[in-house]
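Numbered according to our numbering, the first sequence terminates at residue 227, and the numbering increases by one at each position without gaps.
No residue lacks a Cβ here, since even glycine has one placed at the ideal position from N, Cα and C.
Every value quoted in this text rests on a predicted model; they were computed, and no experiment measured them.
Shown next, in structure tokens, is the structure this report addresses.
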Amino acid sequence: MRSEILMDIYERLYARFGPQHWWPGETPLEIMIGAVLTQNTNWKNVEKAIANLKAASLLDIRKLEQICPDRLAKLIQPAGSFNVKARRLKNLIAWLSEKHGGPIESLKPLSTAQLREELLSIRGIGPETADSILLYALEKPVFVADAYTARILGRHRLLEEGAGYDDIQSLFETSLPKDTALFNEYHALLVRCGKEYCKPKPACAGCPLEDLPHDTQKECL
DNA sequence: GACCAGGCACATC
DNA sequence: GATGTGCATGGT
Numbered sequence: 007m008r009s010e011i012l013m014d015i016y017e018r019l020y021a022r023f024g025p026q027h028w029w030p031g032e033t034p035l036e037i038m039i040g041a042v043l044t045q046n047t048n049w050k051n052v053e054k055a056i057a058n059l060k061a062a063s064l065l066d067i068r069k070l071e072q073i074c075p076d077r078l079a080k081l082i083q084p085a086g087s088f089n090v091k092a093r094r095l096k097n098l099i100a101w102l103s104e105k106h107g108g109p110i111e112s113l114k115p116l117s118t119a120q121l122r123e124e125l126l127s128i129r130g131i132g133p134e135t136a137d138s139i140l141l142y143a144l145e146k147p148v149f150v151a152d153a154y155t156a157r158i159l160g161r162h163r164l165l166e167e168g169a170g171y172d173d174i175q176s177l178f179e180t181s182l183p184k185d186t187a188l189f190n191e192y193h194a195l196l197v198r199c200g201k202e203y204c205k206p207k208p209a210c211a212g213c214p215l216e217d218l219p220h221d222t223q224k225e226c227l
């Protein structure tokens, strides 16, 4: 039942918007960095910050290990919260380098559960950032249950009262096949639909989910 | 000028 | 354990 509804939503979104080609990053390292930079931040600003890092040839674990936080902060300035994010990036790089010796390839054989636990232990990496890294950088079948997901499901009365991040995530992970490509596309499509139609002040007209039961008064979680 | 954006840590109650 | 606040830029 729930699987059918979730697949119906997926089909509608895909039929409307088509493939989203996420994550827009060329390497796993760039995706990881983008996941931190996009915290509470518009993606366009993240692109500017990443362009600065590229221009400085800094998309490299060894170089990011060396750089001082102040210089890193200046480069990522367009992404906002730059002092905080510079520290968070340094924490992430230190984990890669000190615990796993650098190359991201060495992470891929490890279990999803172990990687998630380690990521969550890094200061600055919360559930959503950890799951974005697992799904988009490491290609693990993990569902990213972000604010758009909560908002869209909430508006369509598909969430229990008080459902939190883990509840929403397991709703998808237990109802759908654990398929990296599906989770990749589904989350990207929810973000796309949320941006265009399901904002805090919703504009439902024309939304591919418009004729499903929904409640436009409902606040986002 | 207010609100929002692909969150998280920390303080306080 | 729930709720509030700082971080900080850039687009609407």
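Next item on the list: Determine the DSSP secondary structure at Trp29, reduced to helix, strand or coil.
Entry: Residue state, collapsed to three classes: coil.
Check: In terms of residue numbering, what span does the alpha helix (DSSP H) encompassing Glu202 cover?
Finding: Secondary structure note for Glu202: its alpha helix (DSSP H) is the uninterrupted segment Thr186 to Glu202.
Check: Taking Cβ to Cβ, would you say Ile131 is nearer than 7 Å to Ala156?
Finding: No, Cβ-Cβ distance for Ile131 and Ala156 is not below 7 Å.
Note to self: Suppose you measure from the CA of Leu138 to the CA of Leu215; what does that come to, to the nearest Å?
What the structure shows: The identity of residue 138 in the sequence shown is Ser, whereas the question assumes Leu. Approximately 25 Å, taken between the alpha carbons.
Note to self: Using 8 Å for Cβ pairs, my map puts Thr135 next to Val42. What's the rounded Cβ distance?
What the structure shows: Thr135 to Val42, Cβ: 6 Å. Contact.
Note to self: My parser needs the alpha helix (DSSP H) runs of 4 or more residues fully inside the segment 74–141; what are they?
What the structure shows: As far as the segment 74–141 is concerned, its whole alpha helix (DSSP H) runs of at least 4 residues are 75–81, 88–100, 118–126 and 133–138.
Check: From Tyr192 to Tyr16, what does the alpha carbon distance come to, in whole angstroms?
Finding: If I take the Cα positions, the gap works out to 6 Å.
Checklist line | Endpoints, the alpha helix (DSSP H) within which Leu218 is located | finding: Membership of Leu218 in any alpha helix (DSSP H) is not indicated, and neither H nor E is assigned to it by DSSP.
Margin query: In this structure, how does DSSP classify Pro183 when only helix, strand and coil are distinguished?
Written below: If DSSP states are grouped into helix, strand and coil, Pro183 belongs with coil.
Notebook entry, point to check: Under a Cβ-count criterion, where at least 16 other Cβ atoms within 10 Å of its own Cβ denotes burial, should Gln45 be classed as buried or exposed?
Noted result: Its Cβ being crowded by 16 or more others within 10 Å, Gln45 is buried.
Check: Ends of the alpha helix (DSSP H) at Leu43?
Finding: From DSSP, the alpha helix (DSSP H) with Leu43 extends over Pro34 to Leu43.
Next item on the list: Please classify Met7: is it buried, with 16 or more other beta-carbons within 10 angstroms of its beta-carbon, or exposed?
Entry: Counting Cβ neighbours within 10 Å, Met7 comes out exposed, since fewer than 16 surround it.
Check: Any contact of the segment 100–119 with the segment 155–170, i.e. 3+ C-beta pairs under 8 Å?
Finding: Counting Cβ pairs under 8 Å, fewer than three are found: no touch.
Notebook entry, point to check: So, helix, strand or coil for Cys226, using DSSP?
Noted result: Here Cys226 scores only 46 on pLDDT, less than 50, and its place in the model is too uncertain to base an answer on.
Item checked: Segment contact flag, the segment 50–62 with the segment 82–90, C-beta cutoff 8 Å, min 3 pairs -> Contact between the segment 50–62 and the segment 82–90 is present: three or more C-beta pairs spanning the two stretches fall below 8 Å.
Note to self: I need the DSSP call for Lys207, collapsed to helix, strand or coil.
What the structure shows: In the structure shown, Lys207 sits in coil (DSSP, three-state: anything other than H, G, I, E or B).
Margin query: Quick check on Lys60: does DSSP put it in helix, strand or coil?
Written below: In the displayed model, Lys60 falls within a helix according to three-state DSSP.
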